[in-house]
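Asker: For what it's worth, the numbering used here labels the leading residue of the sequence shown as 28, then goes sequentially. Even glycine gets a Cβ: it sits at the ideal position worked out from N, Cα and C. Keep in mind that this is a model prediction, so the values were computed, not measured. Please find one structure pasted underneath; my questions will follow.
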Amino acid sequence: MKTISSLFGTKYPIVQGGMIWCSGWELASAVSNAGGLGLIGAGSMHPETLETHIRKCKKATDKPFGVNVPLLYPQTEEIIKIIVDEKVPVVFTSAGNPKKYTGFLKEKGITVVHVIANLKFALKAQDAGVDAVVAEGFEAGGHNGFEELTTWVLLQLLAGKVKIPVIAAGGIGSGAAMFAALALGAAGVQIGSLFAASKESSAHEAFKKKILAAGETDTYLALKKLVPVRLLRNPFSEKVFTSEQNGASQDELSRLLGKGRAKKGMFEGDVIDGELEIGQVVALINEVKPVRRIVDDLVEEFNRVAQKMNGIKL
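What follows is the structure, encoded as structure tokens:
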């Protein structure tokens with residue numbers, strides 16, 4: 028089975044999500060050193076901060092790593108320039124038109140991947156010339172698609188229609204889920220929540236403790252009148268939920284959200300009034316592990332399931 032390992036030059040077809048406030052150079056380099064592709068999350072960084080993280084990541088690993096760039100954020104042009112100047116080998120883009128930077132980045136020898144949530148945008152990304160797409164189902168934490176398609180339905184929709192590699196994302200919290208994604212045609216997986224709760228994640232310890240305590244019904248998709256985002260339940264998210272139930276307008280929700288809410292929750296550890304983004308697999312996370320152990324556990328379980336399934340016929 029052809030996987031994304033050859034595309035990125037990694038040992039395993041595992042990509043770490045470029046999560047805001049969680050994905051600094053320590054996490055990205057640890058994932059790359061463990062055999063996956065680590066991503067620095069540029070969405071929560073000023074250009075000069077990103078430059079520092081890229082340079083530290085280069086010192087911490089001699090393996091490939093990338094940068095995740097949400098195109099809806101300001102200073103994107105400065106961020107792209109830094110990525111090119113620092114010769115980052117891989118860029119993941121999301122939340123915007125992939126045509127804007129794909130051609131320019133590929134001219135510089137950079138591998139480009141775009142995140143999509145439906146078939147229509149997968150085909151548009153393919154036409155834009157990206158090297159692969161991330162098919163992100165609504166199980167994922169953080170910003171999400173409006174369609175509320177699950178990862179497993181989305182993979183089946185893309186099969187046979189998208190000719191470039193597809194990376195499955197959303198709801199993948201085990202080696203068995205990784206096996207299932209590849210069985211549905213994915214060339215690899217992108218995992219966020221497991222790594223958000225890792226020792227090397229830059230998430231605040233208070234946020235990590237909330238992750239460990241959460242159950243299967245403790246996240247929900249919120250702020251669909253703005254940009255859909257999956258939140259962990261806390262007093263702030265309950266205010267959002269109540270406001271939405273009462274028919275709050277876009278302006279009212281924007282005022283409630285304010286500025287810096289995600290930083291306040293995930294990075295500074297205000298688990299009362301901060302925004303906490305995490306995926307549905309949060310219920311599977313019961314320990315803060317080092318990255319290498321997370322990757323080793325995923326691979327071990329994947330291989331065990333693969334061996335069990337070998338030769339099974341109906």
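Which residue or residues does DSSP assign as beta-bridge partners of N162?
Answerer: For clarity, residue 162 is Ala in the given sequence; the question names Asn instead. In DSSP, A162 forms a bridge with I143, A195.
Asker: According to the Cβ coordinates, are A186 and G212 closer than 8 Å?
Answerer: Between A186 and G212, the CB-CB gap stays under 8 Å.
Asker: Checking the sheet assignment: what are the DSSP bridge partners for Y100?
Answerer: Per DSSP, none; premise fails for Y100.
Asker: If you drop the 5 nearest sequence neighbours on each side, which residues of the same chain put their C-beta closer than 6 Å to that of G36?
Answerer: P91
Asker: Report the three-state DSSP secondary structure of V332 (helix, strand or coil).
Answerer: helix
Asker: Could you tell me which uninterrupted beta strand (DSSP E) segments, each at least 3 residues in length, are contained entirely in the segment 205-276, listed from first to last along the chain?
Answerer: 215-218, 246-249, 256-259
Asker: How is the beta strand (DSSP E) around S71 delimited, first residue to last?
Answerer: From DSSP, S71 is part of no beta strand (DSSP E); its letter is neither H nor E.
Asker: Compute the Euclidean distance between the alpha carbons of V94 and E53, then round it to the nearest angstrom.
Answerer: 13 Å
Asker: Roughly how many angstroms lie between the CA atoms of L253 and M336, to the nearest whole one?
Answerer: Distance between the alpha carbons of L253 and M336: 43 Å.
Asker: To the nearest angstrom, report how far apart D158 and N273 are at their CA atoms.
Answerer: 43 Å
Asker: Quick one: what's got a C-beta closer than 6 Å to V111's C-beta in the same chain, skipping five residues either side?
Answerer: K135
Asker: Could you work out which residue in E314, E174, Y100 is closest to L248 when comparing CA atoms only?
Answerer: E174
Asker: Since L98 and S121 should fall inside the 8 Å C-beta cutoff, what is the C-beta to C-beta distance between them, to a whole number of angstroms?
Answerer: 7 Å
Asker: Which of the three DSSP states, helix, strand or coil, is assigned to V189?
Answerer: coil
Asker: On the DSSP bridge assignment, give the partners of T138 in chain order.
Answerer: V117
Asker: Find the nearest neighbour of V117 within the set D154, I67, P74, T88, judged by alpha-carbon distance.
Answerer: I67
Asker: Helix, strand or coil for F173 per DSSP?
Answerer: coil
Asker: Could you tell me which residues DSSP puts in a beta bridge with N95?
Answerer: G68, F119
Asker: Tell me whether the beta-carbon of R257 lies closer than 8 Å to the beta-carbon of E302.
Answerer: Contact: no.
Asker: Specify, as a first and last residue, the run of the alpha helix (DSSP H) that V58 falls within.
Answerer: Annotation for V58: the continuous alpha helix (DSSP H) segment containing it runs 52-60.
Asker: Starting from the C-beta of L132, find all residues in its chain whose C-beta is less than 6 Å away, skip the five residues before and the five after it, and write them out in chain order.
Answerer: The beta carbon of L132 is closer than 6 Å to those of V118, V139 in its chain, skipping five residues each way along the sequence.
Asker: Can you tell me the Cβ-Cβ gap for L283 and K266, rounded? I've got them flagged as a contact below 8 Å.
Answerer: 6 Å
Asker: Between which two residues does the beta strand (DSSP E) carrying I42 extend?
Answerer: Going by the sequence as given, residue 42 is Val instead of Ile. According to the DSSP assignment, V42 belongs to the beta strand (DSSP E) that extends over 41-43.
Asker: Grab me the residues of I218's own chain with a C-beta within less than 6 Å of its C-beta, minus the 5 sequence neighbours each way, in chain order.
Answerer: I199
Asker: Given that a residue counts as buried once 16 or more other Cβ atoms are within 10 Å of its Cβ, and exposed if not, what is N261?
Answerer: buried
Asker: Rounded to a whole number of angstroms, what is the C-alpha to C-alpha distance between Q362 and Q307?
Answerer: The structure shown does not extend to residue 362, since the chain is modelled only from 28 to 341, so the question has no answer here.
Asker: So which of F263, P192, K291 has the shortest CA-CA distance to H231?
Answerer: Closest by alpha carbon: K291.
Asker: Using a Cβ-Cβ cut-off of 7 Å (strictly less than) and excluding sequence neighbours within five positions of N313, which residues of its own chain qualify?
Answerer: L239
Asker: In angstroms with no decimal places, state the Cα-to-Cα distance between H73 and Q102.
Answerer: 8 Å
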